[in-house]
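Peer 1: Supplied in structure tokens, the structure appears directly below.
Residue numbers (UniProt numbering): 1 to 506.
If you want it as structure tokens, here you go:
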């Protein structure tokens, strides 16, 4: 297997070097199409000027757009994430940081030194720092809170915890709720915990639950920073949220009723329970509160917040400094009984940090190509709430859902002559200032959050929940096993029902 990896690396190196003496041009496009294509970039795909992405002062193309073959590292990384733990576990466990960083560097170096495109890597880096600062701080702060539930693990008790988790994910984010409740959920089902328990937790708490507020899930938070009003998601997303959770809850109750007692033994049956809930490390709720408050310290929303200005855009750093400082302090002063009771360690967040370095670094060409097509005349003509739902959804399952959300929002706005870089135009888009624009935004928002549960890499908390479950002895399905055994037969029909009820016939 090591020889295979080595051979693949050499093969990709040949492709990489071979691409150096090829120009990537749009010889068959019309002049109008070239203007559209020149406007594509990683996040703000509607932005271009004569000094920027794609056109120089003379109106000539700078060839800043990535060639199609540059998606190879991204596809290869996804395949290795899927097959590594299954077929070459020892090699993957010891080398995934090097593999992820290596693939990311190949793409980033191509952008910087071959395409001369600094804009896309800088945006990807900024998004990654925002992403990992939030996830790491919530993970570490919640690790210092020990929740003990002395109750019998009935289907109703399990379902109640899942529903509570779905509710509070809108207050402390899907990451915060996942890290706070996954260990109590596993302990509640001790001796009986099975893979489907964890998968439904990912469906309901780590993803779909956080659809009602910008705090709930990263794509909605990025939309808020772009100018979408805070309560817009609550106003527009709650019917689909309620519908999806009710169907998921019914499915879980049926499955847990049928299979949940299969591992019971006499000792567990004879155990007496006090039905009490105890908390250790309550002070860490204060640290969580600081983290949640800090997410609003964005210079694009609040004037006067210090920022790094690049390419006409403001990037926050105070917020990330606060989050990482809270992560350190919450761990340094945490109640050690909670740390030991949770068997807290840094491996889950370490795994997420390295894997998503690779994902953020390599997915730039994939997002760029999608955005380029969406803003071409042909692509713009195809943009409807239905295509936005399925396009955003499918890619959110296999790319990180936050940049996918922004890319499709930029495409939808560009198709109506609006720009995602203009806060007032974003607000008008959310307020249905363009024909059916609020409905299209609803399709993008719901799809990005709901479909984020389709794979382990669709949303950041998914990987952490999987890692914590495995550390607690739960045999989790592989990347493809997750999709084939759970996403396709359980989640996808629900997502189709959501589409049929809320979008298909409108």
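Heads up, the beta-carbon is just placed ideally off N, CA and C, and yes, glycines get one too.
As the structure is a prediction and not an experimental result, all values here were calculated from the model.
Would the beta-carbon of residue 131 fall within 8 Å of that of residue 361?
Peer 2: Along the chain shown, one-based indexing puts residue 131 at 131. Along the chain shown, one-based indexing puts residue 361 at 361. Contact: no.
Peer 1: Which residue comes first and which comes last in the alpha helix (DSSP H) that contains residue 315?
Peer 2: The count along the chain shown starts at 1 and reaches residue 315 at position 315. That residue, residue 315, is in no alpha helix (DSSP H); its beta strand (DSSP E) goes 313-316.
Peer 1: List the residues that DSSP assigns as beta-bridge partners of residue 148.
Peer 2: As a first step, residue 148 is located in the chain shown; it is residue number 148 there, counting from the start. The partner list for residue 148 (beta bridge, DSSP) reads 278.
Peer 1: Measuring only the C-alpha atoms, how far is residue 185 from residue 205?
Peer 2: On the chain shown, position 185 is the one that residue 185 refers to. On the chain shown, position 205 is the one that residue 205 refers to. Between residue 185 and residue 205, the C-alpha separation is close to 11 Å.
Peer 1: Exposed or buried, residue 146, counting other C-beta atoms within 10 Å across all chains shown (16 or more means buried)?
Peer 2: Start at 1 with the first residue of the chain shown, and residue 146 comes out as number 146. By the neighbour-count rule (16 or more Cβ atoms within 10 Å), residue 146 is buried.
Peer 1: Determine, using beta carbons only, whether residue 230 comes closer than 8 Å to chain D.
Peer 2: Of the protein chains in the structure, only one exists, and it is not chain D.
Peer 1: Rank 313, 500, 470, 485 by C-alpha distance to the C-alpha of residue 183 and give the top, closest one.
Peer 2: Counting from 1 along the chain shown, the entry for residue 183 is found at position 183. Shortest Cα-Cα distance from residue 183 to any of 313, 500, 470, 485 involves 470.
Peer 1: How should residue 442 be labelled, buried or exposed, when 16 other C-beta atoms within 10 angstroms of its C-beta is the threshold for buried?
Peer 2: What you label residue 442 is simply residue 442 of the chain shown in a count that begins at 1. Residue 442 is buried by the Cβ-count criterion.
Peer 1: Would you report the Cα separation of residue 192 and residue 260, rounded to the nearest angstrom?
Peer 2: Your numbering for residue 192 matches position 192 in the chain shown. Your numbering for residue 260 matches position 260 in the chain shown. If you take the alpha carbons of residue 192 and residue 260, they lie about 7 Å apart.
Peer 1: Applying the 10 Å Cβ sphere with the 16-neighbour rule, what's the burial state of residue 54?
Peer 2: Translated into positions along the chain shown, residue 54 becomes position 54. Confidence at residue 54 is low in this model, with a pLDDT of 44, below 50, so its placement is unreliable and no value can be given for it.
Peer 1: Residue range of the alpha helix (DSSP H) that residue 308 falls in?
Peer 2: Within the chain shown, numbered from 1, the residue matching residue 308 stands at position 308. Where residue 308 is concerned, there is no enclosing alpha helix (DSSP H), although the beta strand (DSSP E) it sits in stretches over 307-310.
Peer 1: Once DSSP output is grouped into helix, strand and coil, what is the label at residue 362?
Peer 2: On the chain shown, position 362 is the one that residue 362 refers to. Note: residue 362 maps to helix in three-state DSSP.
Peer 1: Report yes if the CB atom of residue 412 is closer than 8 Å to the CB atom of residue 220, and no otherwise.
Peer 2: By one-based count along the chain shown, residue 412 stands at place 412. By one-based count along the chain shown, residue 220 stands at place 220. No, the Cβ-Cβ distance between residue 412 and residue 220 is not below 8 Å.
Peer 1: What do you get for residue 160, buried or exposed, if any count of 16 or more other CB atoms within 10 angstroms of its CB means buried?
Peer 2: What you label residue 160 is simply residue 160 of the chain shown in a count that begins at 1. Residue 160 should be labelled exposed.
Peer 1: Contact defined as beta carbons within less than 8 Å: I believe residue 162 pairs with residue 113. What is the distance between those atoms, to the nearest angstrom?
Peer 2: Sequence index remark: in the chain shown, residue 162 carries index 162 (1-based). Sequence index remark: in the chain shown, residue 113 carries index 113 (1-based). So it is not a contact: roughly 48 Å between Cβ atoms.
Peer 1: State the start and end residues of the unbroken alpha helix (DSSP H) segment that holds residue 204.
Peer 2: Taking the first residue of the chain shown as 1, we reach residue 204 at position 204. Per DSSP, residue 204 belongs to the alpha helix (DSSP H) from 195-204.
Peer 1: Helix, strand or coil: how does DSSP classify residue 344 here?
Peer 2: Here the question's residue 344 lines up with position 344 in the chain shown. If DSSP states are grouped into helix, strand and coil, residue 344 belongs with coil.
Peer 1: Report the rounded CA-to-CA distance for residue 98 versus residue 91, giving the unit in angstroms.
Peer 2: Taking the chain shown and counting its residues from 1, the one referred to as residue 98 is at position 98. Taking the chain shown and counting its residues from 1, the one referred to as residue 91 is at position 91. If you take the alpha carbons of residue 98 and residue 91, they lie about 11 Å apart.
Peer 1: Skipping 5 residues on each side, what residues in its chain have a beta carbon closer than 7 Å to that of residue 169?
Peer 2: Along the chain shown, read from residue 1 onward, the residue named residue 169 stands at position 169. Leaving aside the five residues that flank residue 169 on each side, the residues in its chain whose CB is nearer than 7 Å to its CB run, in chain order, 177, 205, 209, 210, 216.
Peer 1: Let me know if residue 372 comes out buried or exposed under the rule of 16 or more other beta-carbons within 10 Å of its beta-carbon.
Peer 2: For the purposes of this step, residue 372 is taken as residue 372 along the chain shown, with counting starting at 1. Result: buried.
Peer 1: Inspect the beta-carbon positions of residue 103 and residue 77 and report whether they are closer than 8 Å.
Peer 2: Residue mapping note: residue 103 aligns to position 103 of the chain shown, counting from 1. Residue mapping note: residue 77 aligns to position 77 of the chain shown, counting from 1. Their beta carbons are under 8 Å apart, which means residue 103 touches residue 77 by this criterion.
Peer 1: Could you tell me the alpha carbon to alpha carbon distance between residue 305 and residue 274, rounded to whole angstroms?
Peer 2: Position 305 of the chain shown holds residue 305. Position 274 of the chain shown holds residue 274. Straight-line Cα distance between these residues: approximately 50 Å.
Peer 1: From 109, 197, 430, 498, pick the residue whose C-alpha is nearest to that of residue 231; which is it?
Peer 2: Numbered from its first residue, the chain shown carries residue 231 at position 231. Comparing Cα positions, the closest option is 430.
Peer 1: With 16 as the cutoff for other CB atoms within 10 Å, does residue 358 come out buried or exposed?
Peer 2: Translated into positions along the chain shown, residue 358 becomes position 358. When all chains shown are included, residue 358 counts as buried.
Peer 1: So does the stretch 242-258 actually touch the stretch 117-131, counting three or more Cβ pairs closer than 8 Å?
Peer 2: no
Peer 1: Taking the continuous alpha helix (DSSP H) assigned at residue 226, which residues delimit it?
Peer 2: Position 226 of the chain shown holds residue 226. Note, residue 226: alpha helix (DSSP H), 218-226.
Peer 1: Hey, how far is the Cα of residue 484 from the Cα of residue 458?
Peer 2: Residue mapping note: residue 484 aligns to position 484 of the chain shown, counting from 1. Residue mapping note: residue 458 aligns to position 458 of the chain shown, counting from 1. Rounded to the nearest angstrom, the two C-alpha atoms are 15 Å apart.
Peer 1: Hey, would you say residue 66 sits closer than 8 Å to residue 378, going by beta carbons?
Peer 2: Position 66 of the chain shown, counting from 1, holds the residue named residue 66. Position 378 of the chain shown, counting from 1, holds the residue named residue 378. If you check the CB distance, residue 66 and residue 378 do not come in under 8 Å.
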